[in-house]
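Enquirer:
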Ligand SMILES: C[S@@+](CC[C@H](N)C(=O)[O-])C[C@H]1O[C@@H](n2cnc3c(N)ncnc32)[C@H](O)[C@@H]1O
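Residue numbers (the working numbering): 353 to 488.
1. Measure from the alpha carbon of residue 455 to the alpha carbon of each residue in 376, 384, 408 and 382, then state which is nearest.
2. Looking at residue 423: is its Cβ nearer than 9 Å to the Cβ of residue 398?
3. In the DSSP output, what is residue 428 paired with across the bridge?
4. Okay, do the region 433–442 and the region 459–469 touch, 3+ Cβ pairs below 8 Å being the bar?
5. Which word fits residue 411, buried or exposed, when buried means at least 16 other C-beta atoms lie within 10 angstroms of its C-beta?
6. Residue 463: buried (16+ other C-beta within 10 angstroms of its C-beta) or exposed?
7. Report buried or exposed for residue 374, applying the criterion of at least 16 other Cβ atoms within 10 angstroms of its Cβ.
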């Protein structure tokens, strides 16, 4: 990720509250967001033996669906505001880290499951991101 890109994400105008609002703006938005979470939950099938990376975790919308089943979840986001919100609000075995998905600060094989939902800059940098995610 270049410096301009990084600056944009570190100083992004959106906040945890504005994202939460965004999903609730229309009934269709609410419905699709809920469907997405159901599919993620089904695919990940989280349990107490899992150590899951939520890459680009935002305000913890996905993470908060994984924690009640006893999984340990590590949330990474490039936005300080999002990680501060997650650290404050999420209940369960959660650890947050401010980091760029293209350069994840974890040893290879640290996670047995990974989710990366709705992270738009992924479309600009697919190969770097996938290398970094797959190694983790
Ligand atoms: C649309 S939100 C989605 C959040 C969450 N995954 C969800 O589904 O609700 C996208 C998040 O990805 C983060 N993000 C974007 N590019 C990133 C990058 N290169 N590294 C880490 N986080 C990134 C943003 O800061 C933002 O919080």
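Every residue, glycine too, gets a C-beta built ideally from N, C-alpha and C.
Expert: Walking through what the data contain:
1. Across the set 376, 384, 408 and 382, the C-alpha of 408 shows the shortest separation from the C-alpha of residue 455.
2. Cβ distance < 9 Å, so residue 423 and residue 398 count as in contact.
3. When beta bridges are read from the DSSP output, residue 428 appears opposite 407 and 449.
4. They do not touch, by the three-pair rule.
5. Buried: at least 16 other Cβ atoms inside 10 Å.
6. Burial check for residue 463: the Cβ neighbour count within 10 Å reaches 16 or more, so the residue is buried.
7. By the 10 Å Cβ count, residue 374 comes out exposed.
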